[in-house]
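Quick notes on the structure that follows.
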Amino acid sequence: MTLSTRDLILQHAAQCFAAAGLAATMGEIAQAAGVSRRTLYNHFPTREAVLAALVERQSLAFLAGLRAAVAMAGDFPAFLLDCCCHVIRESPRAPLALMHVGNSAGQAATLLHFRSPPIIEAWLGFFQGPYVEGLRLGQIAPDITLPDLLAWFGRVVTSYLQVPPEALPSETLLGAEEAAAVRTQIDRFFIRALRPA
């Protein structure tokens, strides 16, 4: 399958941003993609527009993977916990998006992710059905709105992506033990707070 020019630009832009952060120039992106600067500007008026399109594409693809990997199992808080753990585990493998928060492009991508109406709408849509069912079944406190819940979900997972547990000076946890510790922390300090008192 042949990539469209726009897809080709975004593919190479991801590599440029991952390598150089926001120092990546439009000229470098055009050169990496094998297109003229004029062609690049015909598709994207600014470097920020390239990054925004890249973040949206990768975030929506990541969400599709989450949808395929994590099934709603009847308990909304447990589903949300599974989603948090999946995002924390799988995000570092993603090409850019909000995963590489250590470089300037990753930080900018994180902000774009949380401010993008199409991304927010997609995530709200993903959680909408399970959230409504959780409310109906009394699994979550009725004063917790879905937008607030999504905002906290984003804050929790982003905090783990910015400072992974193994970077903290506490006990060293590896593999399954680390994953279990993260799951326990999120459950105790976030998920349990959602349930009715």
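Numbering (the working numbering), first residue to last: 3 to 199. A virtual CB, placed ideally from N, CA and C, is assigned to each residue, including glycine.
Asked                                                                                                                                              : Found
Measuring alpha carbon to alpha carbon, tell me which residue in Gly-131, Trp-125 and Cys-87 is nearest Ile-185.                                   : Note that residue 185 is Arg in the sequence shown, not Ile. Of the listed residues, the one whose Cα sits closest to Arg-185 is Cys-87.
Can you tell me whether Leu-113 is buried or exposed? The criterion is at least 16 other CB atoms within 10 Å of its CB, across all chains shown.  : exposed
Look at the alpha carbon of Leu-12 and the alpha carbon of Val-158, and state the distance between them as a whole number of angstroms.            : 28 Å
Report yes if the CB atom of Leu-24 is closer than 9 Å to the CB atom of Arg-49, and no otherwise.                                                 : yes
Apply the 10 Å Cβ neighbour rule to Thr-174 and answer buried if 16 or more other Cβ atoms are within range, or exposed otherwise.                 : Residue placement at Thr-174 is flagged as unreliable, the pLDDT there being 43, under the threshold of 50; a coordinate-derived value is accordingly withheld.
Given a threshold of 16 other Cβ atoms within 10 Å of its Cβ, counted over all protein chains shown, does Pro-132 qualify as buried or as exposed? : buried
Residues in its own chain within less than 8 Å of Leu-62 by CB, not counting five upstream and five downstream?                                    : Pro-120, Ile-121 and Ala-124
Measuring only the C-alpha atoms, how far is Gly-136 from Asp-145?                                                                                 : 13 Å
Does the distance from the C-beta atom of Leu-196 to that of Leu-82 stay below 9 Å?                                                                : yes
Report the rounded CA-to-CA distance for Phe-19 versus Arg-117, giving the unit in angstroms.                                                      : 19 Å
Does the Cβ of Thr-147 have 16 or more other Cβ atoms within 10 Å, making it buried, or fewer, making it exposed?                                  : exposed
Quick one: grab the DSSP three-state call for Gly-140.                                                                                             : coil
Please report the straight-line C-alpha distance between Phe-78 and Ala-34, rounded to a whole angstrom.                                           : 44 Å
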